[in-house]
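Worksheet for the structure shown next.
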Amino acid sequence: MLWEFLNTKQELVFLVSGITAVLVYHLYRTYSRLKHIPGPFVAKFTNFYRFLLARRGFLHLYLDAAHKRYGPAVRFGPNLSNMYRAFRPYTTDGLLLSVFTAADDATNRQMKQHISVYYSLSYAVASFEPRMDSATRMFFDQLDQKFVPTGAHFDLTSWMKFLSYDTMGLMTFSRPYGYVQHGRDLHGIMDDVKRANMSIGPMTQIPGVDWLLHKNGVANFFKRESIAPLLDYVLARIGERREERQKNRDKLPSANADGPCADGDFLGYYLTAQEKKENVPLRFVSTWTFANILGGADSTASMLRSVVCFLVEHPDALETVRNELQDKQRNAGGLTMPTPQWQELQNLPFLDACIKESLRLDAPFAMPLERVVPAEGATICGQFYPGGTVVGMSPYIANRYRPTWGDDADLWRPRRWLDGEPSHIRKLEASLLSFGAGTRGCLGQHVAMFELKKFVTALFMNYDVSTGS
-12 MLWEFLNTKQ ELVFLVSGIT AVLVYHLYRT YSRLKHIPGP FVAKFTNFYR FLLARRGFLH
48 LYLDAAHKRY GPAVRFGPNL SNMYRAFRPY TTDGLLLSVF TAADDATNRQ MKQHISVYYS
108 LSYAVASFEP RMDSATRMFF DQLDQKFVPT GAHFDLTSWM KFLSYDTMGL MTFSRPYGYV
168 QHGRDLHGIM DDVKRANMSI GPMTQIPGVD WLLHKNGVAN FFKRESIAPL LDYVLARIGE
228 RREERQKNRD KLPSANADGP CADGDFLGYY LTAQEKKENV PLRFVSTWTF ANILGGADST
288 ASMLRSVVCF LVEHPDALET VRNELQDKQR NAGGLTMPTP QWQELQNLPF LDACIKESLR
348 LDAPFAMPLE RVVPAEGATI CGQFYPGGTV VGMSPYIANR YRPTWGDDAD LWRPRRWLDG
408 EPSHIRKLEA SLLSFGAGTR GCLGQHVAMF ELKKFVTALF MNYDVSTGS
């Protein structure tokens, strides 16, 4: 029918010219509004090259090299990517938002305000320390049974991942997944998360393609399996808990009550928060729980691995940590064994420095954390960005910025957190981007640091850990 309509060469030329004009205008507008920002030539027109780099796992290294060439402000794409769409699982109700993936501040605040208290350090200590200790003791029991008697080599990092997931299971659902007990990924959730991360990473650079291929009603209709098996697991646990709470309604706090709920875990807190607030939809419980499992367990496992590996690879630092803990054991009333309590782990400056330094060099997320410039525009690093521009800063690059961290920024040196004036140390702490920054910082960072410090202390107080041959 179209070719019948285009019955003359003149009309065909007119159509082609019109399409060409639209494309040229789009390219010109895309290029010109940010032409003052230096960067690779191809970045002015497409995000596809970033997709290829992310798929190969080299994007953070490429961006680091680009910054060294062009300076603190580098153009990485026509307008970056709105990467957070790629992190949202698709359900029958559309894309599932979370605290991490909400692109605008208003939605982020709405999703945070009802649950942020549950992620405070005081709440974590009161509610979750016994659960962490229970998971750690199960972990040590398995080491004692399977590996200590023979002195066999084994992959501690895999077992720490089992521990991280079981700990998050206890904190979220009041039951572990059983990974530590069985020494494997029973439900396939860890594999699902790994596959999702390998897919999501590249797709964050071209989320439009991600939507076209995976996250729309048509694509979802033709898929035989759920797009997010982890989400199915989460929804099943929520359904079970709601039934339990309905049966035991008289044992739960009233809608106006304050303080911990009867369940004593994250899911119970989420349901109580949802029931207290008329304007909080039930789907928020799903998004909170899903984000807790997806973001909490895997990233904490990564941080555990980093801290333990850096310490084992630097025997002098590990010896200093052990001496610091032994001094605490002798002079400060002792440490509860095998799992020291949080109140006993204060005033351990060198251990704290080792944890911060490990997170500096090996942040769980290395891609740029994106934000949208407000309508009035903003000046960043001496450059003006018009409203609507997507800007981002990579923790991998920011945590190695030599003007802040010194010429040895690529080296693991915990003493940098202890040497120097207090004002300099405060500058370092404010510059650490491993958990994000400001109002959009990681909601679970206090829980993660709490878990990190407790486990690292318990591990090195109970075992002599070394690398394999």
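With the numbering used here, letter number 456 in the sequence shown gets 443, and the count goes up by one each step, no holes. Note that beta-carbon positions come from the ideal geometry of N, C-alpha and C, so glycine has one too. This one's a predicted model, so the numbers in the text were calculated from it and none came from an experiment.
If you look at residue 358, you'll find it in the beta strand (DSSP E) that goes 356 to 359. Per DSSP, the beta-bridge partners of residue 371 are 366.
No Cβ-Cβ contact shorter than 8 Å links residue 347 with residue 298. Residue 41 places its beta carbon less than 8 Å from that of residue 189.
Burial state of residue 120 is buried, judged by a 10 Å Cβ sphere holding 16 or more other Cβ atoms.
The criterion of a C-beta distance shorter than 8 Å is not satisfied by residue 187 and residue 217.
Apart from sequence neighbours up to five positions away, the residues of its chain that approach residue 366 with a beta-carbon distance below 8 Å are 372, ordered along the chain. Under a 10 Å Cβ-count criterion, residue 323 is classified as exposed, with fewer than 16 other Cβ atoms of the shown protein chains found around its own Cβ. A residue is called buried when at least 16 other Cβ atoms come within 10 angstroms of its Cβ; residue 253 meets this threshold and is buried. Annotated three-state conformation of residue 324 is coil, per DSSP.
Annotation for residue 293: 345 and 349 place their beta carbon closer than 6 Å to its own, counting only its chain and skipping 5 residues before and after.
Restricted to the segment 275 to 313, the alpha helix (DSSP H) segments that are unbroken, complete and at least 4 residues in length are 285 to 300, listed in chain order. In this structure, residue 452 lies away from residue 308, with their beta-carbon atoms at least 8 Å apart.
Judged by DSSP in its simplified three-state form, residue 377 adopts strand. When secondary structure is reduced to three states using DSSP, residue 188 falls in the helix class. Contact between residue 449 and residue 325 is confirmed by a C-beta separation of about 5 Å, below the 8 Å threshold. If you draw a straight line from the Cα of residue 381 to the Cα of residue 445, it comes to about 32 Å. It is roughly 13 Å from the alpha-carbon of residue 149 to the alpha-carbon of residue 280. Restricting attention to alpha helix (DSSP H) runs no shorter than 4 residues, the segment 93 to 141 encloses them at 108 to 133, ordered along the chain. A distance below 8 Å separates the beta carbons of residue 273 and residue 225.
Excluding residues up to 5 positions away in sequence, 430, 431, 433 and 434 lie with their Cβ nearer than 7 Å to the Cβ of residue 106 in the same chain. Counting only the Cα atoms, residue 56 lies some 27 Å from residue 411.
Counting only the Cα atoms, residue 318 lies some 44 Å from residue 354. In this structure residue 442 is in contact with residue 123, their Cβ atoms being roughly 6 Å apart against a cut-off of 8 Å. In the three-state scheme derived from DSSP, where H, G and I count as helix and E and B as strand, residue 161 is classed as coil. Taken atom to atom, the span from the alpha-carbon of residue 314 to that of residue 424 is near 34 Å. Put simply, of 399, 370 and 378 the residue whose alpha carbon is nearest the alpha carbon of residue 342 is 399. According to DSSP, residue 421 shares a beta bridge with 423. Proximity of the segment 256 to 267 to the segment 389 to 404 falls short of the contact definition, fewer than three beta-carbon pairs being nearer than 8 Å.
Residue environment analysis places residue 151 among the buried positions, since at least 16 neighbouring C-beta atoms fall within 10 angstroms of its C-beta. Residue 417 and residue 37 have their C-alpha atoms spaced approximately 29 Å apart. CA-to-CA, the gap between residue 228 and residue 127 works out to about 30 Å. Secondary structure note for residue 57: its alpha helix (DSSP H) is the uninterrupted segment 46 to 57. Setting aside the 5 residues that flank it on each side, residue 363 is surrounded in the same chain by 374, each with a C-beta closer than 7 Å to its C-beta; the list follows chain order. Sorting 191, 340, 337 and 330 by C-alpha distance to the C-alpha of residue 109 places 330 at the top.
In this structure, DSSP gives residue 339 a helical state, which the three-state scheme calls helix.
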